[in-house]
Amino acid sequence: MPELPEVETVRRGLEPHVVGGFIDDIEVGDPKIFQIEPHLLLEQIRGQQILGLTRRGKYLIFELERHYFIFHFGMTGQLTFRDPNRSDSEGFKRHPVTGLQRTRQHAPDRHTHLQVHLRQGGAMLFRDIRKFGKVFLIEKGEVAVFFERLGLEPWTPDYNLKAFLQKFGNRKLAIKSLLLDQSFVAGVGNIYADEALFAAGIHPARKVRSLRKTEKESLFEAIPKVLEEGIEYGGTTLRDFVNSDGNTGHHQERLQVYGRKGESCHRCGTLIQRMVISQRSTCFCPDCQPRGGRSRTGKAPI
DNA sequence: ACGTAGACTTGAGCGC
DNA sequence: GACACTCAAGTCTACG
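Counting from 400, one number per residue, gives the positions in the first sequence under the numbering used here.
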């Protein structure tokens, strides 16, 4: 559930269930995901109250009394709330062959690597098939250092045009690669990078140094716009993403380019193409996102 | 310093 | 049906 809109969707769903609650106990699966010894984690967080739930880029942050308890979902991480008043079999599906929960999962299974039980009842379940996710516990004073390498946070005063333009520099890499760099704009991943480039009319392979100021300004507008739409539709579920209730998102139905190779562009009808940039699948409309940019002089600033 | 390739990990889907 | 091979919402490291 990796990108900003998916993490934000989980944050909003979880908030009313857990903020104000007290951590009672934890159960641990594969310790690989823990950046702190699990027994030390329990020792430290037991009894602490959850004061708030925030987000920075793709990180979900539980503010406790003495610590920040931080999750990164990697590629397939899921954090759901298991309501003690609902039965596990109520309203969720099992995969017909494997028996594993595919969506609306509430009960722990072999991919559930952490359960955080709350004193008032209920638990948060962290499930992660590929185990690229990570769980951190840091002292409150360490938070600035922890996030120091993250870039601009959309919808905050830090995300302003002046700061945005300064981040470009005279670099030679493809603009798509820059968008994936979390020290540029925090929270943008492979899906929303492609969507933002489409919205801004910029070819993903264009070199950063070749972009005109007007194109950078278009991108500055497009990034929050596509992220906002992702949140509005509850995130994008390609395969594994579920919200805190275990339900899928709906933004996948609204994607303009990502995963649409060979289909026609919703704007102009041209067939969407796929290429690989930074070893990541990249989709674009060759007509709406011309390689040479949209120069009136016809110059191709690649 | 900058940019890219490989590694980590599990499962699904496709072709034979 | 079994098996090989490719691909997948991310990021960290090592190398040139």
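Just so it is clear, CB atoms sit at the ideal spot from N, CA and C, and this is done for glycine as well.
- Close CB contacts of K539 within its chain, under the 8 Å cut and outside five residues either way in sequence, are with R465, H466 and Y467 (chain order).
- Per the Cβ contact rule, the region 589-596 is in contact with the region 617-631 (3 or more Cβ pairs under 8 Å).
- Under the three-state reduction of DSSP, K457 is assigned to coil, being neither helix nor strand.
- Cβ contact annotation for G586 (same chain, cutoff 6 Å, sequence separation greater than five): L403, G456 and K457, in chain order.
- Counting every other CB atom within 10 Å of its CB across the protein chains shown gives S643 a total of 16 or more, marking it as buried.
- For V515, the uninterrupted beta strand (DSSP E) segment begins and ends at T511 to L517.
- Under the DSSP assignment, E426 falls in the beta strand (DSSP E) whose first and last residues are I422 to V427.
- Spanning the alpha carbons of A599 and E614 requires a straight line of approximately 7 Å.
- Taking a contact to require three or more Cβ pairs closer than 8 Å, the region 471-486 and the region 524-531 qualify as touching.
- At least 9 Å separates the beta-carbon of H602 from that of V534.
- For the set R570, F640, L560 and H649, the Cα lying nearest the Cα of E620 is the one of L560.
- Counting C-beta pairs with one atom in each stretch, the region 670-684 and the region 649-661 have three or more that are closer than 8 Å, which means they touch.
- Close CB contacts of T408 within its chain, under the 7 Å cut and outside five residues either way in sequence, are with I630, G633, G634, N642 and G648 (chain order).
- Taking a C-beta distance under 9 Å as the contact criterion, I444 and L452 do not qualify as a contact pair.
- Residue pairing by DSSP places F480 opposite M523 in a beta bridge.
- When DSSP assignments are scanned along the region 617-646, no uninterrupted stretch of alpha helix (DSSP H) that is 4 or more residues long falls wholly within it.
- For Q447, the closest C-alpha among the options S609, Q519 and E652 is that of Q519.
- If you draw a straight line from the Cα of H516 to the Cα of W554, it is about 33 Å long.
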